[in-house]
Amino acid sequence: MQPAFGVRRLVAALSLAQFFPALEGEPPGEPFARRVRCGAGTDADSQSRPTPAWLPKPSNCTRVPSSLAFGKPVGKVTDQMSKAPVSKRDFVAEHVRGIPRSGIRDFFEVVQSMENVVSLGIGEPGFTTPWHIREAAIYALERGKTGYTSNFGLLKLRRAISRYVTENFHVTYDPATEILVTVGVSEALDIALRAIINPGDEILYHEPCYVSYHPSVTLAHGVAKAIQTRPENNFALRAADLAAAITPRSKALLLNFPTNPTGATLTGAEIEQIARVCIDNDLLVLTDEIYSELTFTGTHHSIAAVPGMKERTIFLHGFSKAFAMTGFRIGYVCAPPTLTEAMLRIHQYSMLCASIIAQEAAIEALDHGRNEMEMMREQYLLRRNFIVQSFNEMGLKCHLPVGSFYSFPDIRSTGLSSKEFSVKLLEQERVAMVPGTAFGPSGEGHVRASFASAMSDIEKAIERTARFVKTL
Ligand code: PMP
């Protein structure tokens, strides 16, 4: 494993050590870890971390009367207001009213209300963020890194992103003008769409796809247009299907390879064909490559690296999947300066910046996180092989997902719809898999089973699912 600390941090940690005596129970092999205890501590806590001199001792604190701190209730006005007529106006914007709630969320609300459920439904790593990355976040807090950063994100992080993207995706972005640190790929996607869409512009995307694409386009006043991908092509997007879907209103293509939920990837040749269609039709491309590190065979290719494409591509990436950092909410977007500037304007007035603590952790992930990332990928690969083989053995045809951590078995042989299959499996055997239709109508006939969960859970879920299938 790479050392978690550089020399400067080591020196800083040593100088801090004189103020904070060594604590017991630190994770093994991490001698400089500090456990920060907040709020009212036990005696043992206060011994290990004395209250700094500049903070008033709890007993000396004067309690601020709540009316002073927050203002008194505005009694008379409230009385009059309670008699005011109830509004009949619908305050919710029209384009928001039509947006359905996420199928996954609805399904998991039911799952959470049940006991003894084994869930293969969650779209996040079954691993906790590697320790040295968590430690970098803790260390950032210890150094008092609690403020805003540049709207673009820390320059040090943008430089690390630039190096990482050049090394792994073979396209180079200028940290000063072409990289923006965001609150996950979720924010990156939102600001990218809002930066480019004029009302009515068509955004093409391949389906089945990540649940947020269609609503995100709608929220940005665009028209989301799905291109169906098919199991017989392993859910890869065919250039001919793209070409057939383009109209004069089409402005951009949204790509996600490896794909959530199908695990589909594209070969270099397939990407070049898609790039050709985009250039010929003057389309912009948004490419969400959040699962790229979780490619199990072959090489991941980014469309941004195809000659002539960088100028017309917005590259979205983040730390949630490869570095198991979903809760840190950190990602980034890379694009030519004019587009980056447009996205910055939205980002700076809506989000301002990503959390500084998450940004510090992200630097550590990029600088020293490769070993753990590869170890996690190895584990996902073992789990993928097991789950795919098991589905096929129980008669549910399952293609081999080349990337991501999702399997997408075909359940049509059972005669059930994907929703019926998921609900019955949950009711009968307490196993949660997401109905394929949560990822768009073309997900019908499939369910999504994540293999990011622990192997023991996967084994249990498979055993129960096989029993369920036999009853049909
Ligand atoms: N894109 C895809 C394809 C995803 O599957 C997800 C999360 N499941 C996201 C983006 C959102 O990622 P983040 O945590 O970086 O916001």
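Counting in our numbering, the sequence shown runs from 931 upward without gaps. Yeah, the Cβ is synthetic: ideal placement off N, Cα and C, and Gly gets one too. This structure is a prediction, so every number in the text was calculated from the model and none was measured.
Using DSSP with H/G/I as helix, E/B as strand and the rest coil, what is residue i?
i, result
"H1136", "strand"
"E956", "Caution is warranted here: a pLDDT of 41 is assigned to E956, below 50, making its placement in the model unreliable, and the coordinate value is therefore given only provisionally. Three-state DSSP puts E956 in coil, outside helix and strand."
"A1023", "coil"
"F1000", "helix"
"D1104", "coil"
"P1339", "coil"
"I1157", "strand"
"P1365", "strand"
"S1017", "coil"
"L1296", "helix"
"T1058", "coil"
"V1318", "helix"
"S1012", "helix"
"G1257", "helix"
"S1049", "strand"
"G1333", "strand"
"V914", "Look at the range of the chain in this structure, 931 to 1402, and you will see that residue 914 is not part of it."
"S1372", "helix"
"R979", "Its pLDDT being 49, under 50, R979 is placed unreliably by the model, and the measurement read from it follows with that caveat. Three-state result, R979: coil."
Using the Cβ count rule (16 or more neighbours within 10 Å means buried), how would you classify residue i?
i, result
"S1285", "buried"
"F1351", "buried"
"A970", "Because the pLDDT of A970 is 37, which lies under 50, any placement of that residue in the model is unreliable, and the number read from its coordinates should be weighed accordingly. Exposed: under 16 other Cβ atoms inside 10 Å."
"G1248", "buried"
"T1229", "exposed"
"T1395", "buried"
"G1370", "buried"
"F1258", "buried"
"E1030", "First, the residue type needs correcting, since residue 1030 is Pro and not Glu in the sequence shown. Per the 10 Å Cβ criterion, exposed."
"K1155", "buried"
"N1128", "exposed"
"E1117", "buried"
"P1055", "buried"
"K1251", "buried"
"R1088", "buried"
"M1273", "buried"
"L1185", "buried"
"E1308", "exposed"
Tell me which residue opens and which closes the alpha helix (DSSP H) that residue i is part of.
i, result
"D1210", "1198 to 1210"
"L1149", "1143 to 1149"
"D1218", "Taken as a continuous stretch (DSSP letters only), D1218 belongs to no alpha helix (DSSP H), being part of the beta strand (DSSP E) at 1214 to 1218."
"T1270", "1267 to 1280"
"G1033", "1033 to 1042"
"I1176", "Unbroken run through I1176: none, as it is neither H nor E."
"E1223", "Run containing E1223: none; DSSP gives neither H nor E here."
"A1090", "1085 to 1099"
"T1395", "1385 to 1400"
"L1355", "1348 to 1359"
Cutting at 8 angstroms between CB atoms, please list the residues of its own chain near residue i, excluding the five before and the five after it.
i, result
"S1343", "G1325, L1326, K1327"
"L1196", "A1166, L1167, F1187, I1204, H1231"
"S1348", "I1341, P1365, G1366, T1367, G1373, E1374, G1375, H1376, V1377"
"R1027", "D1020"
"V1236", "I1201, E1202, A1205"
"V1399", "M1324, G1325, L1326, T1344"
Provide the residue span of the beta strand (DSSP E) that contains residue i, from first to last.
i, result
"Y1262", "1261 to 1264"
"F1245", "1243 to 1248"
"E1111", "The amino acid at residue 1111 is misidentified as Glu; the sequence shows Val. V1111 -> beta strand (DSSP E) spans 1109 to 1112."
"A1379", "1377 to 1380"
"K1181", "1180 to 1185"
Give every residue of the same chain whose Cβ lies closer than 7 angstroms to the Cβ of residue i, excluding the five residues on either side of it in the sequence, and list them in chain order.
i, result
"F1226", "L1311, R1314, V1332, G1333"
"E1290", "A1066, A1067, A1070, K1075"
"A1234", "F1099, V1101, T1217, K1240, T1243, F1245"
"T972", "Residue placement at T972 is poorly supported in this model, since its pLDDT is 37, which falls under 50; the coordinates are not used for a value here."
"C1207", "Rather than Cys, the amino acid found at residue 1207 in this sequence is Val. Within the same chain, V1207 has close Cβ partners A1169, L1172, A1173."
"C1264", "V1095, Y1103, E1108, I1109, F1245"
Give me, in chain order, the residues of the same chain whose beta-carbon lies closer than 6 angstroms to that of residue i; leave out the 5 immediate sequence neighbours on both sides.
i, result
"G959", "Here the model assigns G959 a pLDDT of 46, short of 50, so the residue's position is not dependable, and the following value carries that caveat. Around G959: no qualifying Cβ."
"P1266", "E1241"
"P1339", "F1321, L1326, C1328"
"M1255", "T1059, F1249"
"A1379", "L1050, S1337, M1363"
"P957", "Low confidence applies here, because P957 scores a pLDDT of 46, under 50, leaving its location unreliable and the question unanswered by this model."
Using 8 angstroms as the Cβ pair cut-off and three pairs as the minimum, do the stretch 1318 to 1326 and the stretch 1094 to 1105 touch? The way I'd put it, the stretch 1318 to 1326 doesn't touch the stretch 1094 to 1105; fewer than three beta-carbon pairs between them come closer than 8 angstroms.
Determine, using beta-carbon pairs with one atom in the stretch 1166 to 1176 and one in the stretch 1206 to 1219, whether at least three such pairs fall under 8 angstroms. yes
Does the count of Cβ pairs from the stretch 1118 to 1137 and the stretch 1276 to 1283 closer than 8 angstroms reach three? yes
Does the stretch 1296 to 1308 come close enough to the stretch 1130 to 1140 that 3 or more CB-CB pairs lie under 8 angstroms? no
Sufficient close CB pairs (3 or more, under 8 angstroms) joining the stretch 1046 to 1058 to the stretch 1352 to 1362: Three or more pairs of CB atoms, one per stretch, sit closer than 8 angstroms, so the stretch 1046 to 1058 contacts the stretch 1352 to 1362.
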